[in-house]
Amino acid sequence: MTTDPILPGSTIGVFGSGQLGRMLALAARAMGYRIHTFSPEHGSPTGQVADREVCAAYDDLDAVRDFVRHVHVVTFEFENVAAAVAEIAAEAGVPVRPGGRVLHTTQQRIREKQFLAAAGLPVTPFVPIPAGDRDAAHELLAALERIGYPAILKTAAFGYDGKGQARIAGPEDALAAWQSIGHQDAILEAQVDFEREVSVVAARGSDGDFAHWGVIENSHVDHILDVSVAPAPVSERLAAEAVELAHAVLAQLDVIGVLCVEMFVDRRECLLINELAPRPHNSGHLTIDASVTSQFEQQLRAICGLPLGSTELLRPAAMANLLGDLWAGGEPDWAAACALRDVKLHLYGKQAARKGRKMGHLTALAGTIGDARELVLAARARLAQG
Ligand code: AMP
Numbered sequence: 003m004t005t006d007p008i009l010p011g012s013t014i015g016v017f018g019s020g021q022l023g024r025m026l027a028l029a030a031r032a033m034g035y036r037i038h039t040f041s042p043e044h045g046s047p048t049g050q051v052a053d054r055e056v057c058a059a060y061d062d063l064d065a066v067r068d069f070v071r072h073v074h075v076v077t078f079e080f081e082n083v084a085a086a087v088a089e090i091a092a093e094a095g096v097p098v099r100p101g102g103r104v105l106h107t108t109q110q111r112i113r114e115k116q117f118l119a120a121a122g123l124p125v126t127p128f129v130p131i132p133a134g135d136r137d138a139a140h141e142l143l144a145a146l147e148r149i150g151y152p153a154i155l156k157t158a159a160f161g162y163d164g165k166g167q168a169r170i171a172g173p174e175d176a177l178a179a180w181q182s183i184g185h186q187d188a189i190l191e192a193q194v195d196f197e198r199e200v201s202v203v204a205a206r207g208s209d210g211d212f213a214h215w216g217v218i219e220n221s222h223v224d225h226i227l228d229v230s231v232a233p234a235p236v237s238e239r240l241a242a243e244a245v246e247l248a249h250a251v252l253a254q255l256d257v258i259g260v261l262c263v264e265m266f267v268d269r270r271e272c273l274l275i276n277e278l279a280p281r282p283h284n285s286g287h288l289t290i291d292a293s294v295t296s297q298f299e300q301q302l303r304a305i306c307g308l309p310l311g312s313t314e315l316l317r318p319a320a321m322a323n324l325l326g327d328l329w330a331g332g333e334p335d336w337a338a339a340c341a342l343r344d345v346k347l348h349l350y351g352k353q354a355a356r357k358g359r360k361m362g363h364l365t366a367l368a369g370t371i372g373d374a375r376e377l378v379l380a381a382r383a384r385l386a387q388g
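If you're matching positions, the sequence shown starts at 3 in the working numbering and goes up one per residue.
So this is what it looks like as structure tokens:
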């Protein structure tokens, strides 16, 4: 379906107010759009650079109704916004992109995995464990028999960066794992012995046009993304397969916007989808400095019905996250990192530097991904040496 594009000068409404909303807002402002943000927070990363910051709870439906009346298109910077929000916007005749079905599917791990399996796409072996009123702990033991050890138990809803997850090495860990995730609906997954983790960040326009930034390789520390490099050092065959999987996901979910497919490459060089994020993703931050069109500009173009931009990668790149832990010894030495001229600094305007909190990132450009990785790690090491 093609509709009239939402042109510069129009107002973008974003639910959520973190760094993803901030980077979308910066791209929107660069192209002459106005941006409003809605979240319970005040002085948020997005609010600092938005034209309007509305502070209200996501279940304050009157506030949601008022918010959508003042914007031309609604989008999200995280998927855990109630479906009611998308419904209210749709009722008001404001396009919601990506649509409510995409949110509904991706905000709950059981639904997401079942969608992928039903679509014939390769996923990590899983068994749903509904909390219900039956003997869920018993069901978990039966599921472990099928999945084998080691396994990972994850809450079905509101999990990210390894939160709401417990590893089960043997039957003796099962009960503790079940208790640690708080007796909620859950999903049991085989722990994949992966060779590497990769992602494909891709975009789909309102006319079905598809664009992607190729395969990005990701390394995690304590379940949190640490470093991403692009292009990932994988074979052409694997890269083509990964992009084809992403294309299938975006097409089958009828996504208008950006979506990231996180995957494992197992020891047999096969791809298994771990997770979907229906929005720009941390692993795609390097596109801001390394690509003709960033994932945020592309999200804007897609949701506004503009043609998608080129995703050409200008140089090999590496991105390193800056977590709150870096502030332990005082303010990091920004000048020392900026002295490396091929390194770019991004900070999200967050006040409290808590442990594990994503405060910003660095991107380094170089002739090879090996050099880019080395450079970004050197820049991050300099920050702490002040
Ligand atoms: P998630 O929140 O599901 O994206 O998990 C965060 C990280 O935990 C992943 O990026 C992996 O490093 C690790 N992880 C999650 N699920 C699995 C799994 N089934 N097998 C192996 N590692 C996993």
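C-beta atoms are modelled at their ideal positions from N, C-alpha and C, and glycine is treated no differently.
{"Asked": "Per-residue DSSP class, three states only, for Asn276", "Found": "strand"}
{"Asked": "Buried/exposed call for Gly210, threshold 16 Cβ in 10 Å", "Found": "exposed"}
{"Asked": "Val251 beta carbon near the ligand AMP (any heavy atom closer than 7 Å)", "Found": "no"}
{"Asked": "Tyr2 versus Gln167: straight-line alpha-carbon distance, rounded", "Found": "In the structure as shown, the chain begins at 3 and stops at 388. Residue 2 is therefore absent and cannot be evaluated."}
{"Asked": "Per-residue burial, Pro280 [other beta carbons within 10 Å of its own, 16 or more giving buried]", "Found": "buried"}
{"Asked": "Euclidean distance between Cα positions of Pro282 and Leu155", "Found": "26 Å"}
{"Asked": "Bridge partners - Gln167, DSSP secondary structure assignment", "Found": "Lys156"}
{"Asked": "The region 328-348 in contact with the region 302-311 per 3-pair CB rule at 8 Å", "Found": "no"}
{"Asked": "Cβ-Cβ distance between Asn220 and Ser208 below 8 Å", "Found": "no"}
{"Asked": "Of the residues Val56, Ala244, Ala337, the one placed nearest Val203, counting alpha carbons only", "Found": "Ala244"}
{"Asked": "Own chain, CB closer than 8 Å to Val294, minus 5 neighbours either side, in chain order", "Found": "Gly311, Ser312, Thr313, Glu314, Leu316"}
{"Asked": "Distance between Arg99 and Gln109 (C-alpha atoms, nearest Å)", "Found": "15 Å"}
{"Asked": "Cβ distance (whole Å) where Phe196 is taken to contact Asp268 below 8 Å", "Found": "6 Å"}
{"Asked": "Contact the region 332-342 vs the region 63-75: 3+ CB pairs below 8 Å", "Found": "no"}
{"Asked": "8 Å contact criterion, which Leu377 and Ala366 should meet: CB distance rounded", "Found": "4 Å"}
{"Asked": "Beta strand (DSSP E) segments (min. 3 residues) lying fully within the region 307-338", "Found": "319-325"}
{"Asked": "Thr157 CB to nearest heavy atom of the ligand AMP below 7 Å", "Found": "no"}
{"Asked": "Proximity test, Ile154 beta-carbon vs the ligand AMP heavy atom, cut-off 7 Å", "Found": "yes"}
{"Asked": "Rounded C-alpha distance that separates Gln297 from Lys115", "Found": "25 Å"}
{"Asked": "For Leu285, the three-state DSSP class (helix, strand or coil)", "Found": "Leu is not the amino acid found at residue 285; the sequence shown has Ser there. Helix, per DSSP."}
{"Asked": "Given Gly150 as reference, the closest of Asp327, Pro173, Cys272, Gly332 once Cα atoms are compared", "Found": "Pro173"}
{"Asked": "Completely contained beta strand (DSSP E) runs for the region 95-147, where each covers 3 or more residues", "Found": "128-131"}
{"Asked": "DSSP-derived helix/strand/coil call for Ser296", "Found": "coil"}
{"Asked": "Buried/exposed call for Ser46, threshold 16 Cβ in 10 Å", "Found": "buried"}
{"Asked": "Where Tyr270 sits in the DSSP three-state scheme", "Found": "Residue identity check: residue 270 is Arg in the sequence provided, not Tyr. Three-state DSSP puts Arg270 in coil, outside helix and strand."}
{"Asked": "Alpha-carbon to alpha-carbon, Val73 and Gly34", "Found": "15 Å"}
{"Asked": "Gln50 beta carbon near the ligand AMP (any heavy atom closer than 7 Å)", "Found": "no"}
{"Asked": "Inter-residue spacing [alpha-carbon to alpha-carbon] between Ile131 and Ala242", "Found": "34 Å"}
{"Asked": "Rounded distance between the beta-carbons of Leu288 and Met321, thought under 8 Å", "Found": "4 Å"}
{"Asked": "Buried/exposed call for Pro334, threshold 16 Cβ in 10 Å", "Found": "buried"}
{"Asked": "Of the residues Glu238, Leu274, His225, Ala292, the one placed nearest Ala368, counting alpha carbons only", "Found": "Ala292"}
{"Asked": "The ligand AMP heavy atom lying under 7 Å from the CB of His214", "Found": "no"}
{"Asked": "C-alpha distance - Val194 paired with Arg382, whole-angstrom precision", "Found": "30 Å"}
{"Asked": "Neighbourhood of Val87 by C-beta distance below 7 Å, restricted to the same chain and skipping five residues each side", "Found": "Phe17, Tyr60, Val66"}
{"Asked": "Exposure label - Met3; buried when at least 16 CB within 10 Å", "Found": "At Met3 the pLDDT is 48, less than 50, meaning the model places this residue with poor confidence and gives no usable figure here."}
{"Asked": "Any non-hydrogen atom of the ligand AMP within 7 Å of Thr108 CB", "Found": "no"}
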